[in-house]
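See structure below.
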Amino acid sequence: MSKGTIPGYRFGDPDLPASPVALEDLDRLKAAVLFGEADEAALRHAWDVLKDQVEEVLDVWYGFVGSHEHLVAYFSTPAGEPIQAYLDAVRPRFGKWIEDTCTRPYDATWLAYQEEIAVRHTPEKKNRTDEVDSVPNVSMRYLVAFIYPITATIRPFLTAGSHSEEEVEAMYQAWFKAVTLQVALWTRPYVPQGW
Ligand code: HEM
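Numbered per the working numbering, the sequence shown spans residues 243 to 437.
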């Protein structure tokens, strides 16, 4: 998958506004989740293992969301009817996000798309990319809560390669930190004061 082949995927688009989060604030946030160069290296290894399993990972995550009415509601009409075209449209971007999380430098370009992903969960931008008539907001509490399932469910996929237990643990911890870091960034547009 490369840029331009996924509808609605805008990583690196020069027309995206710069993130309101400064690079030095990103550095501080990275320090707060203990994210360092060893984690970057571990994420690159994680992608080697995950790249052939992306569809299976997405099956697990979609299965989880789909099996809870209060979660699939965010991909549904206000009346509660799931919008399959919406679920299908987001899925390849979600897959690309796995790759981006593992392989991209966390720089200003990455930060700009972080902000875009964030607002796509909020009334500012939700539904617009895929032109769907769904509910206007993903409740922020679920973004935070999802750190756990998005982290825990990746572990069996990381063990599928030929890495030692120690290496798998390093990849797992790096993934956990990367997800936590991103969800911290994504809370920004929800929090008008005090972020
Ligand atoms: C750790 C937490 C989460 C992660 C990592 C995550 C990741 C993503 C990603 C990568 C996208 C696509 C971004 C793009 O357009 O390129 C996305 C979109 C979306 N996510 Fe999340 N998400 C999380 C939490 C949630 C939760 C809890 C829900 C509700 C069940 C949710 C519902 C959605 C919806 C509805 C979209 C489409 C938004 C739109 O209209 O553009 N997400 N998410």
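We put the CB at the ideal spot given by N, CA and C, even for glycine. Since the structure is predicted, the reported quantities are computational estimates derived from the model, not experimental observations.
**Asked** In terms of residue numbering, what span does the alpha helix (DSSP H) encompassing arginine 335 cover?
**Response** Annotation for arginine 335: the continuous alpha helix (DSSP H) segment containing it runs 326–345.
**Message:** By the DSSP assignment, the alpha helix (DSSP H) with aspartate 281 in it spans what residues?
**Reply:** Residues 279–292.
**Message:** Quick check on the burial criterion: 16 or more other C-beta atoms within 10 angstroms. Buried or exposed for valine 433?
**Reply:** Label assigned to valine 433: exposed.
**Contacts around threonine 395, its chain only, beta-carbon distance under 8 Å, and the 5 residues preceding and following it disregarded** = Correct list, in chain order: Val299, Val302, Trp303, Phe306.
**Item:** Contact under 8 Å by Cβ, glutamate 357 with proline 256
**Value:** In this structure, proline 256 does not lie closer than 8 Å to glutamate 357 by Cβ.
**Asked** Looking at the unbroken alpha helix (DSSP H) that takes in glutamine 356, where does it start and where does it end?
**Response** It spans 350–362 - the alpha helix (DSSP H) in which glutamine 356 sits, taken as one unbroken run.
**Prompt:** Who are the Cβ neighbours of phenylalanine 418 in its own chain at under 7 Å, not counting the five residues just before and after it?
**Reply:** So the qualifying residues of the chain are Thr393.
**Message:** Quick check: the Cα distance between methionine 382 and aspartate 294, rounded to an integer number of angstroms?
**Reply:** Roughly 31 Å between the two C-alpha positions.
**Request:** Provide the residue(s) that pair with serine 318 in DSSP beta bridges, ordered along the chain.
**Result:** As a beta-bridge residue in DSSP terms, serine 318 pairs with Pro324.
**Prompt:** When you compare each of Ala360, Ser318, Pro259, Glu323 to alanine 426 by their alpha carbons, which one comes out closest?
**Reply:** Answer by Cα proximity: Ala360.
**Message:** Between isoleucine 396 and the ligand HEM, is there a pair consisting of the residue's CB and a ligand heavy atom that are separated by less than 7 Å?
**Reply:** Incorrect: isoleucine 396 has no Cβ contact closer than 7 Å to the ligand HEM.
**Request:** Under 8 Å by Cβ, that's how I've got tyrosine 316 and valine 374 pegged, so tell me the actual separation to the nearest angstrom.
**Result:** At roughly 11 Å, the Cβ-Cβ gap does not stay under 8 Å, so tyrosine 316 and valine 374 are not in contact.
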